[in-house]
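899 is the number of the first residue of the sequence shown in the numbering used here; add one for each residue after it. Glycine included, each C-beta is placed from N, C-alpha and C at the ideal position.
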Amino acid sequence: MRGSKFLTVVGLLTIAALVLAACQPATVEVTRIVTEEKEVEVTRIVAGTPVVEVVTATPAPAEEAEVTYPRNETLYTSGKQWGPPTSWNPLQPGSYAMGVIGLCNETLFLYDPLKNEYIPWLAESGDWVGDNVYEVKLRQGVQWSDGEPFTSADVVYTFELGKLDGVYYKPLWDWLDKVEAVDEYTVQFTFKEVRYQEWGNTLYSVAMVPKHLWEGRSEEDIVNGDNLPPVGTGAYLYETHSEDRMVWKRNEGWWAKDALGLSVGPKYIVDIVNPSNNVALGLFLKGEMDLSNNFLPGIATLVEGGYGVQTWYDDPPYMLSANTAFLFMNTTKKPMDDPAFRKAMAYAVDVDEIVTKVYGNIVQKCNPTGLLPVWEQYVDQDVVDELGFTYDPDKARSILAEAGYQDVDGDGFVEAPDGSKIELKIIVPFGWTDWMESIKVVANGAQAVGINLQPDFPDFGGYWDQLTGGTFDMAINNFGSNMSDTPWTFYFWLFRNPITDVMSNGNFGRYDNPEVFDLVVELDKTPIDPEAMKPVIAEIQRIQLTDMPAVPLWYNGLWAQWNSTYWTNWPSAQEGAPKYLPCTWNGYWNMTAILMLTELEPVQ
899 MRGSKFLTVV GLLTIAALVL AACQPATVEV TRIVTEEKEV EVTRIVAGTP
949 VVEVVTATPA PAEEAEVTYP RNETLYTSGK QWGPPTSWNP LQPGSYAMGV
999 IGLCNETLFL YDPLKNEYIP WLAESGDWVG DNVYEVKLRQ GVQWSDGEPF
1049 TSADVVYTFE LGKLDGVYYK PLWDWLDKVE AVDEYTVQFT FKEVRYQEWG
1099 NTLYSVAMVP KHLWEGRSEE DIVNGDNLPP VGTGAYLYET HSEDRMVWKR
1149 NEGWWAKDAL GLSVGPKYIV DIVNPSNNVA LGLFLKGEMD LSNNFLPGIA
1199 TLVEGGYGVQ TWYDDPPYML SANTAFLFMN TTKKPMDDPA FRKAMAYAVD
1249 VDEIVTKVYG NIVQKCNPTG LLPVWEQYVD QDVVDELGFT YDPDKARSIL
1299 AEAGYQDVDG DGFVEAPDGS KIELKIIVPF GWTDWMESIK VVANGAQAVG
1349 INLQPDFPDF GGYWDQLTGG TFDMAINNFG SNMSDTPWTF YFWLFRNPIT
1399 DVMSNGNFGR YDNPEVFDLV VELDKTPIDP EAMKPVIAEI QRIQLTDMPA
1449 VPLWYNGLWA QWNSTYWTNW PSAQEGAPKY LPCTWNGYWN MTAILMLTEL
1499 EPVQ
């Protein structure tokens, strides 16, 4: 829950949320949850053993008693913040407090992944007015929360900040030539080289900052300062924060009231720092939390058991799909450098067992391409029919045998074609119990076809060092496969290049194929038009499924559950319900979650 550094426009804006929320324990289910008001039965077998745990909601800290927010005006959330809020700087995509981008600092456009549409926001329009010139028309009448007008000078200043070392969108200037204010509400971007896919992603990902407040700051303060209190154009103002929460208050002067006829329902948003998923569950069941973007133990049982818990779908998989979990194999090591061996691994993994037994059907088995359901139109079914894979141990054994892998010494495990022993490990971080149980399934499948693969659980630091440093054998990861406006971000992460000593933003297996690298660049330079993009993507998929540099396994869920005790009209798949993403993770407010707030209504 997790190219150039510019991919962080999607990747790093959401990485903190996805690392800490999308991959949280998914197999530790409880059979009895005790809260102050009621006792809830949640029955599930985990890895063959019933787990019993008592969870009591943690009381608010003593100082919180001094501040009481009207319950019918306050939305309580949790899931993004796993530690005390420390930054309100939108230039720090991995660490800013919940809502900084989206509730406070806004973007030029929003993007709706369910409709595949860009929504004009601070920008009234954006158009290509030349082969390499993009023109943005800004809304008039937008104000910063201190009363100063938002103008083209702020847009130019925000993008010029990308020239500073340490600003995550600095690579934009590798292909952007200049940004100019044509007039007070018109901005033109002139490009050295047009990269349509990256640019479309930029338009809804980079949040604007106020020039009149930032231009006097030092470079150090701009890049690393906490920016407290933040000044934005958004629907909410900074109210307060403490060790265990971030509090926003409605901006009654929000520009969208007059310009778009929109107003947000909750007067206050209190985001609770999440100490553990089980504590979050206790708070949720007591009605002290309205929207949880944590993984909550036993959610399927709670949805079906009449406890007032709601999710996007009323039945499996309950959640929307947010990213793809991949089995990465280190192609710089034998036998993972052999495409036949990698293909055999694809056939050896029983993903259905992971979906049903590890996750209890709250995730989905993914398409052989790994593309998320929102990108279904880009799957070339002819390529998948020809080269796709499914769980088939006999096929895995056959591929290994044809490639020369044989059990020479009779120990039940194959040796490499050169006769050398194969002894491999697959790693995930200790404590990420869903992934820990999942790699046991992967290892068992490998062993069943004769591959000596053992699960290993280093701490997160050790896992990350091995993964990014290229010393691992196999690993599960999903950090950059997130939902976005274009599958280019997915392929840019999967086939990240150039290959360096430390690969921190994708292509962890160090798959080296200039042909596919060139195709990803070609896709980036292709206008945002599905019919123009599909032929390039089909070529990428053919290489991907032929060489199998990484095996897509399952779609990790967009963990989101809510109740209607205090707020109603939540977005969901139900007919007539709003269709926005119910998520507080980084990057999701500008993927329509802000519009969710305009639909919420207090229960009378």
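{"Item": "Per DSSP, cross-strand counterpart(s) of residue 1026", "Value": "1032"}
{"Item": "Cβ shell of residue 1414 (< 7 Å), same chain only, five flanking positions each side left out", "Value": "1393, 1438 and 1441"}
{"Item": "Inter-stretch contact (C-beta, 8 Å, three-pair minimum) for the region 1183 to 1202 and the region 1399 to 1417", "Value": "no"}
{"Item": "DSSP three-state assignment for residue 1321, whether helix, strand or coil", "Value": "coil"}
{"Item": "Whether residue 1195 touches residue 1218 by CB criterion (7 Å)", "Value": "no"}
{"Item": "Contacts around residue 1055, its chain only, beta-carbon distance under 8 Å, and the 5 residues preceding and following it disregarded", "Value": "1107, 1109, 1112 and 1113"}
{"Item": "Reference residue 1316, options 1165, 1305 and 1269, closest by Cα", "Value": "1305"}
{"Item": "Among 1337, 1208, 1272 and 1201, the one whose alpha carbon lies nearest that of residue 1256", "Value": "1337"}
{"Item": "Best match in 1500, 1487 and 1502 for proximity to residue 1017 [C-alpha to C-alpha]", "Value": "1487"}
{"Item": "Opening and closing residue of the alpha helix (DSSP H) in which residue 1240 lies", "Value": "1237 to 1246"}
{"Item": "One or two residues paired with residue 1014 in a DSSP bridge", "Value": "Paired residue(s): none; residue 1014 is not in a bridge."}
{"Item": "CB-CB length for residue 1465 against residue 1499, believed under 8 Å", "Value": "7 Å"}
{"Item": "Endpoints, beta strand (DSSP E) assigned at residue 1352", "Value": "1351 to 1354"}
{"Item": "Identity of the residue in 1319, 1382 and 1427 nearest residue 1220 by Cα", "Value": "1382"}
{"Item": "The region 1130 to 1144 in contact with the region 1037 to 1046 per 3-pair CB rule at 8 Å", "Value": "yes"}
{"Item": "Alpha carbon of residue 1061 to alpha carbon of residue 1068, nearest angstrom", "Value": "5 Å"}
{"Item": "Residue 1047 versus residue 1172: straight-line alpha-carbon distance, rounded", "Value": "37 Å"}
{"Item": "Residue 1238 beta carbon less than 7 Å from that of residue 1297", "Value": "yes"}
{"Item": "Proximal residues to residue 1341 (C-beta, below 8 Å), its chain only, five neighbours per side dropped", "Value": "1324, 1351, 1352 and 1353"}
{"Item": "Inter-residue Cα distance where the pair is residue 1147 and residue 968", "Value": "12 Å"}
{"Item": "Span separating the alpha-carbon of residue 1093 from that of residue 1004", "Value": "23 Å"}
{"Item": "Residue 1167 - partner residues in DSSP beta bridges", "Value": "973 and 1146"}
{"Item": "Helix, strand or coil at residue 1085 [DSSP, three-state]", "Value": "strand"}
{"Item": "Closest Cα partner of residue 1235 within the set 1137, 1163, 1371 and 1451", "Value": "1371"}
{"Item": "Residue 1175 versus residue 1134: straight-line alpha-carbon distance, rounded", "Value": "27 Å"}
{"Item": "Counterpart residues of residue 1138 in DSSP-defined beta bridges", "Value": "1145"}
{"Item": "Nearest to residue 1149 (by Cα), restricted to the options 1165, 998, 1143 and 1259", "Value": "1165"}
{"Item": "Extent of the continuous alpha helix (DSSP H) to which residue 1343 belongs", "Value": "1331 to 1346"}
{"Item": "Residues that DSSP places opposite residue 1499 in a beta bridge", "Value": "1466"}
{"Item": "Assigned secondary structure, residue 1281 (DSSP; H/G/I helix, E/B strand, else coil)", "Value": "helix"}
{"Item": "Inter-residue spacing [alpha-carbon to alpha-carbon] between residue 1374 and residue 1462", "Value": "36 Å"}
{"Item": "Residue 928 to residue 1085 span [Cα, whole Å]", "Value": "For residue 928, the pLDDT reaches just 33, beneath the cut-off of 50, and the residue's location in the model is therefore unreliable, although a value from the coordinates is still provided. Whole-angstrom Cα-Cα distance: 55 Å."}
{"Item": "Identity of the residue in 991, 1258 and 1378 nearest residue 1202 by Cα", "Value": "1258"}
{"Item": "Three-state secondary structure (DSSP) of residue 1288", "Value": "coil"}
{"Item": "Stretch pair the region 1270 to 1282 + the region 1471 to 1483: three plus CB contacts closer than 8 Å", "Value": "no"}
{"Item": "8 Å CB neighbourhood of residue 1163 in its chain, flanking five on each side removed", "Value": "973, 1465, 1495, 1496, 1497, 1498, 1499 and 1500"}
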